[in-house]
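In UniProt numbering, the protein residues as written are 1 to 309.
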(Lines of atoms letter the chains of each structure in order from A and count residues from 1; the text may use other names and numbers.)
(Lines give C-alpha, C1' and ligand atoms only; values in the text may rest on other atoms or scores of the structure.)
Protein backbone atom coordinates (compact mmCIF):
# COMPACT_ATOMS: atom_id res chain seq x y z
CA UNK A 1 0.00 0.00 0.00
CA UNK A 2 1.51 3.35 -1.06
CA UNK A 3 2.79 5.57 1.72
CA UNK A 4 2.83 2.72 4.26
CA UNK A 5 5.80 1.09 5.93
CA UNK A 6 5.95 -2.22 7.73
CA UNK A 7 3.08 -2.80 10.10
CA UNK A 8 0.92 -0.25 8.31
CA UNK A 9 2.62 2.79 9.90
CA UNK A 10 2.71 5.77 7.52
CA UNK A 11 6.22 6.58 6.30
CA UNK A 12 5.82 10.24 7.21
CA UNK A 13 4.99 9.32 10.82
CA UNK A 14 8.01 7.01 11.02
CA UNK A 15 10.28 9.77 9.71
CA UNK A 16 8.87 12.24 12.23
CA UNK A 17 9.36 9.73 15.06
CA UNK A 18 12.97 9.16 13.95
CA UNK A 19 13.60 12.92 13.85
CA UNK A 20 12.09 13.32 17.32
CA UNK A 21 14.28 10.50 18.67
CA UNK A 22 17.37 12.08 17.08
CA UNK A 23 16.52 15.45 18.64
CA UNK A 24 16.05 13.81 22.05
CA UNK A 25 19.42 12.07 21.79
CA UNK A 26 21.08 15.29 20.65
CA UNK A 27 19.42 17.11 23.54
CA UNK A 28 20.82 14.60 26.04
CA UNK A 29 24.32 15.09 24.64
CA UNK A 30 23.83 18.86 24.69
CA UNK A 31 22.85 18.78 28.38
CA UNK A 32 26.08 16.99 29.24
CA UNK A 33 28.00 19.50 27.14
CA UNK A 34 26.51 22.61 28.79
CA UNK A 35 27.22 21.17 32.25
CA UNK A 36 30.89 20.91 31.35
CA UNK A 37 30.94 24.21 29.46
CA UNK A 38 29.47 26.28 32.31
CA UNK A 39 31.02 24.32 35.18
CA UNK A 40 33.39 27.20 35.94
CA UNK A 41 31.02 30.09 35.26
CA UNK A 42 31.50 32.98 37.67
CA UNK A 43 28.53 35.33 38.05
CA UNK A 44 29.74 36.41 41.52
CA UNK A 45 26.97 34.37 43.15
CA UNK A 46 26.87 30.58 43.53
CA UNK A 47 23.08 30.59 43.20
CA UNK A 48 23.32 32.45 39.90
CA UNK A 49 26.00 30.04 38.69
CA UNK A 50 23.70 27.12 39.49
CA UNK A 51 20.72 28.78 37.84
CA UNK A 52 22.77 29.47 34.71
CA UNK A 53 23.64 25.78 34.37
CA UNK A 54 20.05 24.66 35.02
CA UNK A 55 18.62 27.15 32.53
CA UNK A 56 21.19 26.11 29.92
CA UNK A 57 20.22 22.47 30.50
CA UNK A 58 16.53 23.26 29.91
CA UNK A 59 17.28 25.14 26.70
CA UNK A 60 19.68 22.43 25.50
CA UNK A 61 16.99 19.76 25.88
CA UNK A 62 14.51 21.79 23.82
CA UNK A 63 16.49 24.20 21.62
CA UNK A 64 13.49 24.94 19.37
CA UNK A 65 11.01 25.62 22.19
CA UNK A 66 10.06 28.95 23.79
CA UNK A 67 11.63 29.55 27.20
CA UNK A 68 8.48 28.68 29.14
CA UNK A 69 8.07 25.35 27.32
CA UNK A 70 11.76 24.48 27.57
CA UNK A 71 11.83 25.14 31.32
CA UNK A 72 8.90 22.80 31.87
CA UNK A 73 7.20 24.51 34.82
CA UNK A 74 6.36 28.02 35.99
CA UNK A 75 8.93 28.07 38.81
CA UNK A 76 11.80 27.21 36.45
CA UNK A 77 10.53 29.74 33.92
CA UNK A 78 10.45 32.51 36.53
CA UNK A 79 13.94 31.54 37.69
CA UNK A 80 15.21 31.78 34.11
CA UNK A 81 13.73 35.25 33.64
CA UNK A 82 15.19 36.40 36.96
CA UNK A 83 18.57 35.17 35.72
CA UNK A 84 18.26 37.16 32.50
CA UNK A 85 17.20 40.28 34.42
CA UNK A 86 20.14 40.09 36.83
CA UNK A 87 22.88 42.59 35.99
CA UNK A 88 25.55 40.08 37.05
CA UNK A 89 24.39 37.68 34.35
CA UNK A 90 25.60 39.92 31.54
CA UNK A 91 26.13 38.46 28.07
CA UNK A 92 29.89 38.83 28.56
CA UNK A 93 29.83 37.00 31.90
CA UNK A 94 27.73 34.17 30.48
CA UNK A 95 29.96 33.83 27.42
CA UNK A 96 33.25 33.95 29.37
CA UNK A 97 33.44 30.25 30.42
CA UNK A 98 32.57 29.17 26.88
CA UNK A 99 35.37 31.37 25.47
CA UNK A 100 37.85 29.78 27.90
CA UNK A 101 36.76 26.28 26.88
CA UNK A 102 36.98 27.31 23.22
CA UNK A 103 40.60 28.38 23.73
CA UNK A 104 41.36 25.00 25.34
CA UNK A 105 39.87 23.18 22.36
CA UNK A 106 41.92 25.35 20.01
CA UNK A 107 45.09 24.45 21.91
CA UNK A 108 44.10 20.79 21.86
CA UNK A 109 43.64 20.63 18.10
CA UNK A 110 47.05 22.23 17.54
CA UNK A 111 45.92 24.46 14.68
CA UNK A 112 45.72 26.04 12.32
CA UNK A 113 42.29 27.32 13.35
CA UNK A 114 39.89 29.15 11.06
CA UNK A 115 37.87 31.90 12.76
CA UNK A 116 34.79 32.85 10.76
CA UNK A 117 33.36 36.32 11.30
CA UNK A 118 29.74 36.81 10.27
CA UNK A 119 26.67 38.85 11.16
CA UNK A 120 23.19 37.55 12.03
CA UNK A 121 19.95 39.55 12.05
CA UNK A 122 17.11 38.71 14.46
CA UNK A 123 13.72 39.97 13.30
CA UNK A 124 11.17 40.86 15.97
CA UNK A 125 8.69 42.53 13.64
CA UNK A 126 5.89 40.46 15.17
CA UNK A 127 6.57 41.99 18.61
CA UNK A 128 5.71 45.68 18.18
CA UNK A 129 5.58 46.30 21.95
CA UNK A 130 9.15 45.10 22.53
CA UNK A 131 11.51 47.89 23.51
CA UNK A 132 15.18 48.26 22.68
CA UNK A 133 14.94 47.15 19.05
CA UNK A 134 16.28 48.96 16.01
CA UNK A 135 15.92 48.90 12.23
CA UNK A 136 17.43 45.85 10.54
CA UNK A 137 16.24 46.43 6.98
CA UNK A 138 16.33 49.39 4.63
CA UNK A 139 13.53 51.22 6.42
CA UNK A 140 12.19 52.03 9.86
CA UNK A 141 9.02 50.02 9.30
CA UNK A 142 7.72 47.86 12.15
CA UNK A 143 8.35 44.59 10.29
CA UNK A 144 12.00 45.53 9.75
CA UNK A 145 12.98 45.79 13.41
CA UNK A 146 15.14 43.59 15.57
CA UNK A 147 18.67 43.01 16.86
CA UNK A 148 22.03 42.34 15.23
CA UNK A 149 24.66 39.83 16.36
CA UNK A 150 28.24 39.56 15.11
CA UNK A 151 30.19 36.40 15.93
CA UNK A 152 33.74 35.13 15.57
CA UNK A 153 33.38 31.33 15.50
CA UNK A 154 36.41 29.03 15.54
CA UNK A 155 36.64 25.87 13.42
CA UNK A 156 39.25 23.26 12.66
CA UNK A 157 40.39 23.08 9.04
CA UNK A 158 38.08 20.07 8.61
CA UNK A 159 35.03 22.06 9.72
CA UNK A 160 34.66 20.93 13.34
CA UNK A 161 33.26 23.84 15.41
CA UNK A 162 35.37 24.73 18.44
CA UNK A 163 33.35 27.62 19.85
CA UNK A 164 32.86 31.37 19.92
CA UNK A 165 35.74 33.76 20.58
CA UNK A 166 33.84 37.03 20.23
CA UNK A 167 30.18 38.00 20.19
CA UNK A 168 28.54 41.42 20.06
CA UNK A 169 24.80 42.17 20.07
CA UNK A 170 23.30 45.59 19.44
CA UNK A 171 20.34 47.53 18.08
CA UNK A 172 20.86 50.00 15.27
CA UNK A 173 20.29 53.66 15.90
CA UNK A 174 17.18 55.23 14.49
CA UNK A 175 17.73 57.31 11.36
CA UNK A 176 15.42 59.95 9.88
CA UNK A 177 12.96 58.35 7.47
CA UNK A 178 13.51 61.19 5.02
CA UNK A 179 17.27 60.58 4.85
CA UNK A 180 18.28 59.95 1.26
CA UNK A 181 21.20 58.00 -0.16
CA UNK A 182 23.49 61.02 -0.46
CA UNK A 183 22.65 62.18 3.07
CA UNK A 184 23.47 58.71 4.38
CA UNK A 185 26.81 58.63 2.55
CA UNK A 186 27.74 62.06 3.91
CA UNK A 187 26.74 61.07 7.46
CA UNK A 188 28.84 57.90 7.33
CA UNK A 189 31.83 59.75 5.89
CA UNK A 190 31.77 62.10 8.88
CA UNK A 191 31.44 59.27 11.41
CA UNK A 192 34.60 57.76 12.99
CA UNK A 193 35.02 54.06 12.26
CA UNK A 194 34.76 53.31 16.00
CA UNK A 195 31.15 54.58 15.90
CA UNK A 196 30.17 52.72 12.74
CA UNK A 197 28.86 49.17 12.47
CA UNK A 198 32.16 48.42 10.71
CA UNK A 199 33.75 48.46 14.16
CA UNK A 200 32.30 44.97 14.72
CA UNK A 201 35.04 43.52 12.50
CA UNK A 202 37.75 45.33 14.46
CA UNK A 203 36.36 44.30 17.85
CA UNK A 204 36.05 40.66 16.82
CA UNK A 205 39.56 40.62 15.35
CA UNK A 206 41.07 42.18 18.48
CA UNK A 207 39.24 39.79 20.81
CA UNK A 208 40.13 36.81 18.64
CA UNK A 209 43.83 37.56 18.82
CA UNK A 210 43.68 38.33 22.56
CA UNK A 211 41.81 35.12 23.42
CA UNK A 212 43.49 32.64 21.09
CA UNK A 213 46.04 30.40 22.84
CA UNK A 214 49.72 31.07 22.23
CA UNK A 215 51.36 28.92 19.61
CA UNK A 216 48.19 28.22 17.62
CA UNK A 217 47.98 29.68 14.12
CA UNK A 218 44.70 31.56 13.68
CA UNK A 219 43.28 32.72 10.35
CA UNK A 220 40.31 35.08 10.36
CA UNK A 221 37.90 34.52 7.45
CA UNK A 222 35.37 37.21 6.55
CA UNK A 223 33.24 38.43 3.66
CA UNK A 224 33.73 41.56 1.56
CA UNK A 225 32.13 43.84 4.15
CA UNK A 226 35.37 43.52 6.13
CA UNK A 227 37.44 44.87 3.23
CA UNK A 228 38.08 48.36 4.55
CA UNK A 229 41.40 50.05 5.26
CA UNK A 230 41.13 50.13 9.07
CA UNK A 231 40.61 46.36 9.17
CA UNK A 232 43.71 45.78 7.06
CA UNK A 233 45.86 48.10 9.16
CA UNK A 234 44.63 46.63 12.44
CA UNK A 235 45.36 43.12 11.21
CA UNK A 236 48.89 44.24 10.40
CA UNK A 237 49.31 45.82 13.83
CA UNK A 238 48.06 42.64 15.53
CA UNK A 239 50.12 40.46 13.18
CA UNK A 240 46.91 38.60 12.42
CA UNK A 241 46.45 36.29 9.45
CA UNK A 242 43.26 36.84 7.49
CA UNK A 243 41.42 35.76 4.34
CA UNK A 244 38.76 38.17 3.09
CA UNK A 245 36.86 38.68 -0.14
CA UNK A 246 37.98 41.83 -1.92
CA UNK A 247 35.25 44.41 -2.24
CA UNK A 248 37.03 46.41 -4.94
CA UNK A 249 40.11 46.40 -7.15
CA UNK A 250 42.29 48.41 -4.80
CA UNK A 251 44.71 51.11 -5.87
CA UNK A 252 48.35 50.24 -5.17
CA UNK A 253 51.65 52.01 -4.62
CA UNK A 254 53.32 51.05 -7.95
CA UNK A 255 56.94 51.16 -6.75
CA UNK A 256 56.09 48.60 -4.04
CA UNK A 257 53.73 46.51 -6.18
CA UNK A 258 55.76 45.31 -9.19
CA UNK A 259 54.94 48.54 -10.99
CA UNK A 260 51.20 47.86 -10.92
CA UNK A 261 48.56 50.46 -10.15
CA UNK A 262 45.79 48.02 -9.20
CA UNK A 263 45.56 44.76 -7.29
CA UNK A 264 44.08 42.64 -10.09
CA UNK A 265 46.86 43.74 -12.43
CA UNK A 266 49.49 42.63 -9.90
CA UNK A 267 47.81 39.25 -9.48
CA UNK A 268 47.52 38.71 -13.22
CA UNK A 269 51.31 39.01 -13.51
CA UNK A 270 51.93 36.41 -10.80
CA UNK A 271 52.33 32.78 -11.94
CA UNK A 272 49.53 30.41 -10.82
CA UNK A 273 50.52 28.18 -7.91
CA UNK A 274 47.70 25.74 -8.53
CA UNK A 275 44.13 25.38 -9.71
CA UNK A 276 40.86 24.07 -8.35
CA UNK A 277 37.56 23.14 -10.00
CA UNK A 278 34.47 24.29 -8.14
CA UNK A 279 30.73 24.01 -8.75
CA UNK A 280 29.00 27.38 -9.10
CA UNK A 281 25.30 26.95 -8.19
CA UNK A 282 22.58 28.51 -10.28
CA UNK A 283 21.09 31.80 -9.19
CA UNK A 284 17.90 33.10 -10.74
CA UNK A 285 18.47 33.22 -14.48
CA UNK A 286 22.06 32.00 -14.20
CA UNK A 287 22.61 28.30 -14.85
CA UNK A 288 24.75 26.15 -12.59
CA UNK A 289 28.23 25.54 -13.94
CA UNK A 290 31.71 24.38 -13.05
CA UNK A 291 34.61 26.81 -12.97
CA UNK A 292 38.35 26.36 -12.73
CA UNK A 293 40.00 28.89 -10.46
CA UNK A 294 43.70 29.64 -10.14
CA UNK A 295 45.60 30.49 -6.98
CA UNK A 296 48.05 33.38 -7.32
CA UNK A 297 50.11 35.29 -4.77
CA UNK A 298 51.50 38.80 -5.04
CA UNK A 299 53.08 41.14 -2.52
CA UNK A 300 51.58 44.62 -2.86
CA UNK A 301 51.33 47.92 -1.01
CA UNK A 302 47.79 49.30 -0.82
CA UNK A 303 47.27 53.02 -1.05
CA UNK A 304 45.33 54.47 1.88
CA UNK A 305 41.97 56.06 1.03
CA UNK A 306 41.96 59.81 0.45
CA UNK A 307 40.02 60.46 3.65
CA UNK A 308 43.10 59.31 5.57
CA UNK A 309 45.45 61.62 3.69
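Note that the Cβ used here is the ideal one computed from N, Cα and C, for glycine as well.
Please determine, among the options, the residue with the shortest C-alpha to C-alpha distance to residue i.
| i | options | result |
| --- | --- | --- |
| residue 114 | 105, 122, 120, 121 | 105 |
| residue 234 | 282, 245, 88, 204 | 204 |
| residue 72 | 56, 258, 87 | 56 |
| residue 225 | 251, 305, 117 | 117 |
| residue 316 | 302, 237, 222, 239 | Because residue 316 is not part of the residues shown, which for the chain are 1 to 309, the question remains open. |
| residue 100 | 237, 212, 261 | 212 |
| residue 245 | 206, 227, 87 | 227 |
| residue 171 | 178, 196, 30 | 196 |
| residue 77 | 54, 92, 98 | 54 |
| residue 292 | 279, 80, 285 | 279 |
| residue 133 | 160, 174, 157 | 174 |
| residue 123 | 145, 109, 107 | 145 |
| residue 158 | 178, 223, 180, 109 | 109 |
| residue 312 | 126, 193, 199, 62 | Here the chain comprises residues numbered 1 to 309, so residue 312 is not present and cannot be evaluated. |
| residue 247 | 284, 223, 177 | 223 |
| residue 236 | 259, 255, 206 | 206 |
| residue 47 | 180, 79, 282 | 79 |
Take residue i and list the residues in its own chain whose beta-carbon comes closer than 8 Å to its own, dropping the five residues that flank it on each side.
| i | result |
| --- | --- |
| residue 264 | 249 |
| residue 95 | 164, 167 |
| residue 107 | 213, 215, 216 |
| residue 156 | 109, 113, 114, 162 |
| residue 305 | 229 |
Can you list, in chain order, the residues of its chain with a C-beta nearer than 6 Å to that of residue i? Leave out the 5 residues immediately preceding and following it.
| i | result |
| --- | --- |
| residue 333 | Nothing can be reported for residue 333, as the shown portion of the chain is limited to 1 through 309. |
| residue 294 | 272, 275 |
| residue 49 | 41, 43 |
| residue 30 | 60 |
| residue 253 | 301, 303 |
| residue 209 | 238, 240 |
| residue 93 | 43 |
Report yes if the CB atom of residue i is closer than 8 Å to the CB atom of residue j, and no otherwise.
| i | j | result |
| --- | --- | --- |
| residue 41 | residue 52 | yes |
| residue 262 | residue 251 | yes |
| residue 102 | residue 64 | no |
| residue 164 | residue 147 | no |
| residue 229 | residue 202 | no |
| residue 91 | residue 169 | yes |
| residue 82 | residue 45 | no |
Does residue i pass the burial test, meaning 16 or more other C-beta atoms within 10 Å, or should it be called exposed?
| i | result |
| --- | --- |
| residue 297 | exposed |
| residue 189 | exposed |
| residue 128 | exposed |
| residue 136 | buried |
| residue 185 | exposed |
| residue 288 | exposed |
| residue 299 | exposed |
| residue 75 | exposed |
| residue 290 | exposed |
| residue 320 | Look at the range of the chain in this structure, 1 to 309, and you will see that residue 320 is not part of it. |
Less than 7 Å between C-beta atoms, sequence neighbours within five positions excluded: which residues of the same chain meet that for residue i?
| i | result |
| --- | --- |
| residue 243 | 219, 221 |
| residue 97 | 37, 38, 40, 41 |
| residue 182 | none |
| residue 193 | 199, 230 |
Any heavy atom of the ligand GTP closer than 7 Å to the Cβ of residue i?
| i | result |
| --- | --- |
| residue 164 | By its list of ligands, the structure shown contains no ligand whatsoever, and the ligand GTP lies outside what it can speak to. |
Quick one: complete beta strand (DSSP E) runs, 3+ long, within the stretch 201 to 254?
-> Entirely contained in the stretch 201 to 254, the beta strand (DSSP E) runs reaching 3 residues are, in chain order, 218 to 222, 241 to 244.
May I have a chain-ordered list of the beta strand (DSSP E) segments no shorter than 3 residues that lie completely inside the stretch 45 to 131?
-> The stretch 45 to 131 is shown to contain whole beta strand (DSSP E) runs of 3 or more residues at 113 to 123, in chain order.
Starting from the N-terminal side, write out each stretch of the alpha helix (DSSP H) that is 4 residues or longer and does not extend beyond the stretch 157 to 201.
-> The alpha helix (DSSP H) runs lying completely inside the stretch 157 to 201 and spanning 4 residues or more are 181 to 189, given in chain order.
Scan the stretch 247 to 304 and note each continuous beta strand (DSSP E) run of 3 residues or more that stays entirely inside, going in chain order.
-> 274 to 280, 289 to 295, all fully within the stretch 247 to 304.
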